[in-house]
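Single-structure report; data block below.
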Amino acid sequence: MNSQQQDKFTLINELARRRGFFWQSYEMYGGVSGFVTYGFLGARLKQNIEKKLRELFVNKLGIMEIEAPIIAPAKVFEASGHVDHFKEPMVECLKCGRRFRADHLLRESGKLSEAEAEKLNLKELKEAIEGHNVRCPECKGELGEPKYFLTMFKTTIGPYSEAVGYGRPEAAQNIFVEFRRLYETAREKLPFGVMQIGHALRNEISPRQGLIRLREFTIVDIEFFFDPEEPNCFLLKDFENETLRLVLAESRLRGSEDIIEVKVKEALEKSYIKVPWQAVFMTLAKKLLMELGVPSEKQRFIEKLPWERAHYSLQSFDQEVYVDRWGWIEVSGHAYRADYDLKQHMRFSGVDTQVFKEYERPVEAEKTIVKPLMTKLGPVFKDEAQKIAKMLEETKPEEVEVSFKEKGYYMLGEYKILPEHVEIRKRKVKEKGKRFIPHVVEPSFGSDRLVYVTLEYAYRVKEDRVILSFPRDIAPIQVGVYPLVSKDGLPEKAMQVYKMLVDEGFMVEYDEAGSIGRRYARADEAGIPLGITIDYETIKNDTVTIRDRDTWKQVRNHINVLPGLLHKYFQSKINFEDLGDLVK
RNA sequence: GCGGCCGUAGUCUAGCCUGGCAGGACAUCGGCCUCCCGAGCCGGCGACCCGGGUUCAAAUCCCGGCGGCCGCACCA
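For the first sequence, the positions run 1 to 584 when this note's numbering is used.
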């Protein structure tokens with residue numbers, strides 16, 4: 001195969017394996033799809049990309065970063081809805097053992113529409129398969145019981161099989177389950193954001209797109225909490241004139257994927273994007289990708305259709321980047337999760353996830369209070385009285401009052417509460433504030449996908465040589481140091497320069513193997529932005545040449561000004577031409 | 001998960017049809033040479049995806065598995 005005919009995905013995967021950016025894990029045992037190991041260059045590239053995310057969100061926006069376990073007890077993902085939603089119905093042929101998506105068989109057999117088939121539960125699927133006499137499409141054998149294939153990794157915690165745990169399919173839930181403590185740490189003020197960068201696990205049925213779809217991958221989840229009654233974003237004025245390229249759900253429903261280019265301000269005025277904070281995060285995501293080397297015209301935000309959205313989301317945009325092989329692929333998702341998750345965890349755990357917000361001025365209001373009379377509840381409900389009292393406190397008093405008036409009793413779950421069990425009081429109160437569950441917008445990045453698109457957009461071919469033109473602030477190695485030839489004291493001098501730059505905190509590589517041209521070529525392929533060459537002039541006057549990876553131009557300057565200039569260069573405060581006098 | 005194609009050093013590949021010592025190129029390492037872009041010379045390391053079968057003998061033929069690519073499906 002000729003390298004010119006291959007697509008960039010293939011070229012990048014080959015280069016990645018050869019130069020040690022990443023490769024498929026467990027090759028020794030035949031390899032397992034969906035798992036990847038980053039080598040020296042790739043691990044550092046990924047760290048540098050994540051460092052940029054931290055600079056952007058943690059340093060500049062004050063979002064708090066946490067690090068929490070990958071394994072969670074089953075309850076967490078039961079509450080979050082993942083146990084119910086993160087699964088596909090499968091059915092196995094009793095004769096040949098092949099497995100199929102149960103709903104797809106029904107759809108393909110022409111008996112049901114896509115929407116109908118998707119709604120069925122296991123029992124209904126079984127009945128539909130039997131009722132329509134659907135058989136194995138391969139061998140016409142009889143089909144067994146439909147079963148769900150759970151796409152979360154399941155395990156047990158400790159030695160007891162009943163202690164079920166799941167590998168997290170997203171890093172978000174850690175933030176929701178720790179909400180109370182995080183809110184306290186944020187000094188009980190809204191809005192505030194929490195970020196987690198970590199591994200997530202999804203047992204994909206058939207992943208085979210390299211870094212694009214993995215079973216274990218790094219996810220960057222940010223949960224940004226705000227008061228739904230005050231959704232305005234104090235950063236909006238900095239971003240309202242930025243443009244976003246959107247593909248709206250309404251136009252997708254009309255069968256068009258046209259991209260509209262709108263200013264953030266307009267997107268909010270026209271309600272294309274429901275929450276201002278979400279628009280701001282989308283803008284930041286766009287800028288981030290540009291800094292990783294993806295031009296804005298190769299990016300778009302596509303609004304998910306209602307049935308494409310995750311179960312927790314009210315509005316979702318996927319940030320997509322155009323790549324050579326697959327066209328548009330998702331690099332980040334922006335979901336408006338509202339109060340879904342905190343509400344669910346409050347329901348399942350019984351822990352109050354509401355926040356209290358003080359009004360500027362107290363509001364006078366008449367309040368109905370249902371006070372449980374323990375002397376009455378105790379004898380009737382015995383040891384359940386405590387629990388009932390607590391449940392009554394969480395019930396809306398008005399509901400109880402209305403029910404007493406209409407029916408003479410109130411059903412609290414399975415408990416029948418009579419008027420004599422409680423005291424209903426009206427009281428004028430000064431409301432000092434309100435209690436509510438914060439809403440949340442979630443920007444979520446796939447770290448591995450960011451690495452991939454960075455590689456693809458850095459990939460260039462110049463005079464038949466491969467160059468990885470990484471933006472200078474994420475290059476895994478910053479500087480190469482080379483003696484022009486390995487004799488006459490040049491290597492010794494080069495080692496001095498190498499050590500000085502290492503001491504200055506740069507990522508430096510020393511190389512004296514082979515011809516100088518070969519070393520430059522190797523460095524270009526590893527994406528090293530600058531090459532410093534020690535030649536015979538260095539011996540005379542302590543000057544070196546500095547070579548630019550992308551243009552192959554060289555400048556010359558004194559060794560002792562290198563540290564200061566290089567620091568400025570890597571902070572993008574000066575350009576290559578400012579590093580010295582142009583050679584030739 | 002289904003169908004088609006495929007699997008030989010780090011990479012690309014010859015050999016497979018017709019069974020008989022697995023060869024080359026690039027990369028890499030050591031040496032020589034070398035005053036700025038994968039130069040040259042000498043030398044070294046390094047491979048038949050795994051398992052089973054047929055056979056005196058399997059990279060080669062057969063079966064199964066694993067993995068890859070393409071298409072379908074999936075991607076909450």
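Beta carbons: idealized from backbone N, C-alpha and C, even for Gly.
Where residue i falls, given that 16 or more other Cβ within 10 Å makes a residue buried
{"i": "residue 212", "result": "buried"}
{"i": "residue 566", "result": "buried"}
{"i": "residue 467", "result": "buried"}
{"i": "residue 374", "result": "exposed"}
{"i": "residue 159", "result": "exposed"}
{"i": "residue 13", "result": "buried"}
{"i": "residue 106", "result": "buried"}
{"i": "residue 215", "result": "buried"}
{"i": "residue 316", "result": "buried"}
{"i": "residue 561", "result": "exposed"}
{"i": "residue 365", "result": "exposed"}
{"i": "residue 295", "result": "exposed"}
{"i": "residue 206", "result": "exposed"}
{"i": "residue 221", "result": "buried"}
Residue i, DSSP secondary structure in three states
{"i": "residue 32", "result": "coil"}
{"i": "residue 18", "result": "helix"}
{"i": "residue 322", "result": "strand"}
{"i": "residue 358", "result": "strand"}
{"i": "residue 374", "result": "helix"}
{"i": "residue 478", "result": "coil"}
{"i": "residue 312", "result": "coil"}
{"i": "residue 540", "result": "helix"}
{"i": "residue 570", "result": "helix"}
{"i": "residue 561", "result": "helix"}
{"i": "residue 158", "result": "coil"}
{"i": "residue 351", "result": "coil"}
{"i": "residue 180", "result": "helix"}
{"i": "residue 10", "result": "helix"}
{"i": "residue 84", "result": "helix"}
{"i": "residue 299", "result": "strand"}
{"i": "residue 204", "result": "coil"}
{"i": "residue 26", "result": "coil"}
{"i": "residue 328", "result": "strand"}
{"i": "residue 199", "result": "strand"}
{"i": "residue 71", "result": "strand"}
{"i": "residue 187", "result": "coil"}
{"i": "residue 132", "result": "coil"}
{"i": "residue 346", "result": "helix"}
{"i": "residue 53", "result": "helix"}
{"i": "residue 317", "result": "strand"}
{"i": "residue 47", "result": "helix"}
Chain-order list of residues whose beta-carbon lies under 8 angstroms from that of residue i (same chain, five-residue window excluded)
{"i": "residue 267", "result": "244, 246, 273, 279"}
{"i": "residue 71", "result": "155, 157, 165, 166, 167, 168"}
{"i": "residue 547", "result": "520, 530, 531, 532, 533, 553, 554"}
{"i": "residue 1", "result": "In this prediction, residue 1 has a pLDDT of 31, which is less than 50 and means its spatial position is unreliable; nothing more can be read from the coordinates."}
{"i": "residue 66", "result": "174, 175, 178, 182, 194, 195, 196"}
{"i": "residue 90", "result": "99, 100, 101, 102, 146, 147, 148, 149"}
{"i": "residue 58", "result": "64, 65, 195"}
{"i": "residue 4", "result": "Confidence at residue 4 is low in this model, with a pLDDT of 37, below 50, so the placement of that residue should be treated as unreliable; the coordinate-derived value is given next. So the list is empty, once near-sequence residues are dropped."}
{"i": "residue 249", "result": "303, 304, 305, 306"}
Residues near residue i in its chain [Cβ-Cβ closer than 6 angstroms; skip 5 each side]
{"i": "residue 434", "result": "357"}
{"i": "residue 623", "result": "For residue 623 there is no data in the structure shown, the boundaries of the chain being 1 and 584."}
{"i": "residue 85", "result": "311"}
{"i": "residue 260", "result": "246"}
{"i": "residue 289", "result": "299"}
{"i": "residue 227", "result": "190"}
{"i": "residue 40", "result": "20"}
Cutoff 7 angstroms; reference residue i; Cβ partners in own chain excluding five residues on either side
{"i": "residue 208", "result": "33"}
{"i": "residue 378", "result": "385"}
{"i": "residue 583", "result": "545, 554, 555, 556"}
Next on the checklist: For the structure I just gave you, are there three or more beta carbon pairs, one from the segment 242-255 and one from the segment 396-414, closer than 8 angstroms?
Outcome noted: no
Checklist entry - On the three-pair Cβ rule with 8 angstroms, is the segment 464-483 touching the segment 228-238? => result no
Checklist entry - If we count Cβ pairs, one from each stretch, closer than 8 angstroms, do we get three or more for the segment 494-507 versus the segment 428-446? => result no
Checklist entry - Unbroken alpha helix (DSSP H) runs of length 4 or more, entirely within the segment 483-531: which are they? => result 490-503, 516-525
Checklist entry - Which parts of the segment 406-432 are runs of the beta strand (DSSP E), unbroken and 3 residues or longer, counting only runs that do not cross its ends? => result 410-412, 415-417
Checklist entry - What runs of the beta strand (DSSP E), each 3 residues or longer, lie entirely inside the segment 217-292? => result 243-247, 260-263
Next on the checklist: Quick check on the DSSP output: what are the complete beta strand (DSSP E) runs of length 3 or more inside the segment 436-473, in order along the chain?
Outcome noted: 439-446, 459-462, 465-468
Checklist entry - Below 8 angstroms, can you find three or more Cβ-Cβ pairs linking the segment 451-462 to the segment 314-333? => result yes
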